[in-house]
Amino acid sequence: MKWFSRLMVLGVVVFVVYAYQLHTLVKVEFSKPLDATNSNLALKNHPTALINMLLIVEDQSFFKHNGVDFTEIARVIRDYWVDGKKIRGASTITQQLIKNTLLTHERTLGRKTKEALLALLLELSFDKETILNRYMNSVYLGQYGNNEVHGFQRASQFYFNKKLNKLSLEGLATLVALLKGPSYYHPIKHPSRLVKRRNLVLHLYNKYKIAK
319 MKWFSRLMVL
329 GVVVFVVYAY
339 QLHTLVKVEF
349 SKPLDATNSN
359 LALKNHPTAL
369 INMLLIVEDQ
379 SFFKHNGVDF
389 TEIARVIRDY
399 WVDGKKIRGA
409 STITQQLIKN
419 TLLTHERTLG
429 RKTKEALLAL
439 LLELSFDKET
449 ILNRYMNSVY
459 LGQYGNNEVH
469 GFQRASQFYF
479 NKKLNKLSLE
489 GLATLVALLK
499 GPSYYHPIKH
509 PSRLVKRRNL
519 VLHLYNKYKI
529 AK
């Protein structure tokens with residue numbers, strides 16, 4: 319059994335080295351300021367209603383989990399195996415930020431596993447407010463020509479020609495609605511889809527108000 323014990327020790331050492339390298343990558347990458355293509359707005363200057371809507375729709379347990387919502391993952395697996403429901407996304411905001419910054423969007427077990435590990439490491443390095451603000455300033459919300467729209471501040475200017483703090487609840491809900499798919503919910507090509515999604519966001523916002 320000596321060979322097995324040595325193999326186990328080797329495996330642990332390799333994992334520790336790998337995790338250390340990933341942790342260094344995370345700290346370096348997320349210590350960099352966002353470039354000019356992203357929004358640049360402090361978290362305190364984002365409307366509270368917008369933060370509420372975002373958390374309700376994307377990650378209701380954001381301030382409770384450590385980067386990965388294992389309860390939600392278990393629920394998704396249960397729904398799939400027991401009830402035969404389709405696999406749905408269970409990514410937290412932290413995981414989404416990792417995916418958008420460091421990984422591809424391919425749907426493989428290996429990529430999802432790495433995403434989860436990186437999300438855990440990200441939350442070891444930065445506080446919740448920093449992570450949330452980074453997400454809100456960099457998330458993809460549309461495109462015009464070859465130019466992408468990143469962050470809620472820029473999206474507000476692009477879609478409404480207004481500062482974010484001047485938007486109505488309907489306007490804020492429209493931006494949150496676009497998160498699910500800026501192309502699928504394109505305001506010009508698919509206005510009815512966007513309105514339906516916006517109304518759902520408003521309904522959930524009025525039902526739950528969970529942000530700090």
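Its first residue numbered 319, the sequence shown is counted upward by one per residue in my numbering. We treat Cβ as the ideally placed atom computed from N, Cα and C, and that holds for glycine. Keep in mind it's a predicted model, so treat the numbers as computed, not measured.
Three or more beta-carbon pairs separated by less than 8 Å are not found between the stretch 427 to 446 and the stretch 454 to 462, which leaves the two stretches without contact.
Bounds of the alpha helix (DSSP H) holding Gln414 are Ile411 to Leu420.
Classified as buried, Glu433 has 16 or more neighbouring CB atoms from the shown chains inside 10 Å of its CB. Glu441 and Gly385 have their C-alpha atoms spaced approximately 6 Å apart. DSSP places Gln461 inside the beta strand (DSSP E), whose first and last residues are Tyr458 to Tyr462.
Gln414 is a Cβ neighbour of Glu376, given a cutoff of 9 Å. A Cβ-Cβ contact shorter than 9 Å links Arg511 with Tyr502.
Burial state of Val346 is exposed, judged by a 10 Å Cβ sphere holding fewer than 16 other Cβ atoms.
Bounds of the alpha helix (DSSP H) holding His521 are Pro509 to Lys525. Remark: C-beta atoms of Phe476 and Met454 do not approach each other more closely than 9 Å. Rounded to the nearest angstrom, the gap between the Cα atoms of Ser357 and Leu482 is 11 Å.
Going by C-alpha positions, Phe388 is about 33 Å away from Gly489. Taking the C-beta atoms as reference points, Met371 is found nearer than 9 Å to Val519.
The continuous alpha helix (DSSP H) containing Asn370 extends over residues Thr366 to Glu376. The shortest CA-to-CA distance from Ile374 to any of Lys507, Pro509 and Leu497 is the one to Leu497.
The Cβ atoms of Asn451 and His364 sit closer than 9 Å to each other. About 6 Å separates the CB atoms of Ile411 and Phe380; that is less than 8 Å, so the two are in contact.
Going by beta carbons, Leu359 and Ser456 fall outside the 9 Å limit.
As DSSP reads the structure, Asn465 sits in a beta bridge with Tyr462.
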